[in-house]
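Numbering (this note's numbering), first residue to last: 1 to 78.
Cβ atoms here follow ideal geometry from the backbone N, Cα and C, with glycine treated the same way.
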């Protein structure tokens, strides 16, 4: 039988991959904002990516909690 904690570990891995992509997107937007600081569309994109980053960080935190809880339930000797 598979380890029931693997689902949480997969969620954690995917969230970290998503966070990496979002950080790159944020850097690109910030770079473009240097040339056009008053661009409404770039500022909106920056707000959106910042919100997505915060959501993803929350997902990572939740996955870490679930992994720890799951491992303590299924591996109580550790």
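Please tell me whether residue i and residue j are closer than 9 Å, where the distance is taken between their beta carbons.
i	j	result
residue 9	residue 67	yes
residue 19	residue 29	no
residue 3	residue 60	no
residue 22	residue 53	yes
residue 5	residue 71	yes
Please report the distance separating the alpha-carbon of residue i from that of residue j.
i	j	result
residue 38	residue 62	36 Å
residue 34	residue 74	51 Å
residue 50	residue 13	20 Å
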